[in-house]
Structures are given as C-alpha cells and as structure tokens.
Amino acid sequence: MANNNNTKNLNVPNLRFPEFKGEWKKCTIGELAIKVGSGVTPRGGESVYKMDGHSFVRSQNVGLGHLILDDIAFIDEETHLRQKSTELKLEDVLLNITGASIGRSALVNEQVVGGNVNQHVCIIRTKENLISSFLCNFLLSNYGQRQIDSFQAGGNRQGLNFEQIKSIKIAIPSTKEQTKVAKLLQLIEERIATQSKIIEDLKLLKKTMSQNIFSLKIRFKDEEGNVFSSWKLRKLSDVLIIQGGYAFKSSLFNQGTNKVIRIGDILPIIKLSNFSGIYSSETPNEKYIVRKNDFVMALSGATFGKVGKIEDKGIAYINQRVATFRTKQCLEFFYQLVQINNFKNYISSIPTASAQPNISNDDIGNYKSYIPDVMEQTKIAGFLSTIDNKIETERAILDAYAKQKQYLLANLLI
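Below is the structure:
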C-alpha cells in the first residue's frame, strides 16, 4: 500500500493501493443516492410485532458497521405492504438518525432483505458510482461523524433530517478502488465480529460455571481426588472486613499525587498505571488503600453494586461510597462470589429511603451464602480467574482490531 503523505494538497487519502492514481471526486450523498428516507412505526407499536414475518429494523438493530439481530422484531404481510416504499434491498445503507445511537451505520444483509425500518432509521440507496459498503465505512469514519455532529445544535446529538443527510460531503474514487477499500475494511470488521463472539462465548461460559459452582452443582476435589468438606452457610461479615471509603475534600482534588478511586472510576479492570481520575493532596489512613488484586464496589448511584478489580502495581485510595474488602481467606473467591446473580439480586432488593439507590457495608455483610473451606475457595478462584484472564486477553486483541480499523478509516478515506 502506497503512502501519499507527500501529496497532501491533492484530494487523495494518506494510504492508497499502488495501482490507483488520480484525485478523488468531491460529491454529496444527495448526488450519489437514489433514495434517502425512513420508515414509520406501525400503528399499535410493539403490540403488532410478530414472532416471524418481515424483519422490522429499529435503531437498536443498527451497530457500528454491522447489524445486531438478537432482538429483531417482525411484522406481518399486511403491515409490510402498507410500508412497501421502505422495503429493504440487499446492500442498502442504514443510518440511525435520532437518539443516543445517531450516526451508527450498517448494511442490509440477506437476513433482513424484504423487511422494513422504523422512523429512527434512514435508508440510503446508492447509485452505481457509489459502492454502498464504501459509503457505510465513510459514515462511520471521523470524516462522516464530524459532519453528522455539525448538524446537531450545540453538539447535542438529537436528530438528522433527510436534507442534512443529502448534504453530507464525500470524496469518492473509481468504483474499483472503492470496492478494494471496502473489502479491506470488511475483513477487519469480520475479525472484530469474530473476536466479539469469542468474548461473548467466554462470558457466557464464566456465568454458567459460576452459577453452577455457587449453587453446588459442581464441586472440586483435593489432590487425592476427594471432594472437599461441606460448605457452611455464613454471613459475609463473618469472613470479610468491608471497608468503606474516605470522605476526601473536593477542594483539594487535583492538588496532589494520591490517586482517588471514585464510583465513576470503577471499571471491571482498574489499571492504576493508566489512571485518569482525580488526585488529592490528602493522605488518609492506610486502611483506605487498595493495591493489585484488591477489588472495590460502588455503594450508591445508578451503578451501585458494580465491581472492579485493581490490575497492576501501585496504590490508590477509595473515596466515600466506594467499598473494598479484606479477608484472611481467599479474596479472589469473594471477588467471584459478589458477581453472581444471587448476590446482585439480593442488593437490588434492598429498600432505600432516598431517590438514589444505595447500599451500606452492613447490607453487604448481611448477605448469606454457603462458603467452602479455604482450600476449595482457592481452587474455585483459580478456575474462574483463568476464564477472566482469557477474556481480558481476547479483549486486548479486540481493542487492537478496533484501533487498526480506526487507523484505516482515517487514512484510507478523505
């Protein structure tokens, strides 16, 4: 692939297949499309959806370069015929035009051909001189997204109308070059889809195994092949010290070097080496410190109960409404336990006096669960953490593919 960095004044991309020459032609979508329009939601809304029939594509079905068909709706023949003008054809470009997912785009595939869309999804059907997959990738690139953003008042992504879509500027090469660019990007997209499926399968495996282990459907054996001793019903407060966070003074934030983990910083994996949160000049008691392999939990807000694990070296301090846990037993075992559905359902059922959901240290400590001895805890923790590590490895590969695609979108298009 040729590098065109020396021709920045020309209307060509930074990267180009070497067999292609000449500048790209500047156009608008309106000049290159034979159809720009959306559908309607059938009268009666969801009540008229069927178990089968014609696919009915909604905004949640349009992903970033692919369709998400897990919850595809269907309409009957009569409803379809009333919307015949929005019947989907193979390779139509779909573009979300309202709501939080505005700007997402995907191509119609054989699974939804002959279906329809609702009013939140726009159909763009191209002329012969614009390859639909090339357009789809352009819309997902920064070049397309910046134009979509520019139509939204104050940067608030509210909605696109058809005239705005038609006015989007796009530069195109020959259809032969468009096809080659689109095929390369499609290869990356297929790798991303495959990698995403690997991760989802691993997450399902983890969930299934966790539920079976903590419901005692699966038991581990010791080195001599014997089943470990019976699990005992315990309150978490019997085996864990639940440590709430420190009330840092917000006036001292970003005035020191101590990392402060707040609720918004809680991700499944918290990398202290890449910490982008708040720092403080206060140095609380060491009981508020978290280190590698510690885990934390949000105690309030929309994400209460969310759990994150400290991944790498270094220390941080937990802010108020964040808890961490100490034990003389196997900490990793309890990290796994608080992620199962039984625990999540328990904390969700706790009544709260305020409008904002919240749980206390005592609420967590009062949760009852059957607990094995430390040796079996260690075996269970090792088994489940192996799956976790595999998931993180596959996520790193997925991230690499996503970055590769973004690089290509930025350099193969203009």
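full-length UniProt numbering puts the first residue of the sequence shown at 1, with every later residue one more than the last. Ideal Cβ positions, reconstructed from N, Cα and C, are used throughout, including at glycine.
Check	Outcome
Proximity below 8 Å, CB of TRP231 to CB of ILE371	yes
Unbroken alpha helix (DSSP H) run spanning ILE170, endpoints	Note, ILE170: premise wrong, no alpha helix (DSSP H); beta strand (DSSP E) at 169-172.
Burial state of PRO13, where buried means 16 or more other Cβ atoms lie within 10 Å	buried
Contact set for LEU130: own chain, Cβ-Cβ below 7 Å, skip 5 residues either direction	LEU32, ILE172
Minimum C-alpha distance to GLY39 - residue among GLN119, LEU95, PRO357, THR303	GLN119
Cβ contact check for the stretch 302-317 and the stretch 252-271: 3 or more pairs under 8 Å	yes
C-beta contact flag for LEU409 and SER141 at 8 Å	yes
Inter-residue Cα distance where the pair is HIS80 and SER55	9 Å
Among ARG43, GLY264, ASN3, nearest to VAL296 - alpha-carbon criterion	GLY264
Contacts around ASP222, its chain only, beta-carbon distance under 7 Å, and the 5 residues preceding and following it disregarded	PHE228, MET375
Whether SER300 touches GLN243 by CB criterion (8 Å)	no
C-beta atoms of LYS89 and VAL113 nearer than 8 Å	yes
Identity of the residue in ILE72, ARG262, LEU240, SER237 nearest LYS249 by Cα	ARG262
Those residues which DSSP pairs with CYS27 across a bridge	ILE170
Pick from GLU19, LYS197, ASP76 that is closest to LEU398, judged by C-alpha positions	LYS197
ASP294, buried or exposed, once every other Cβ within 10 Å from all chains shown has been counted against 16	buried
Per-residue burial, LYS379 [other beta carbons within 10 Å of its own, 16 or more giving buried]	buried
At least 3 beta-carbon pairs within less than 8 Å: the stretch 44-52 vs the stretch 68-88	yes
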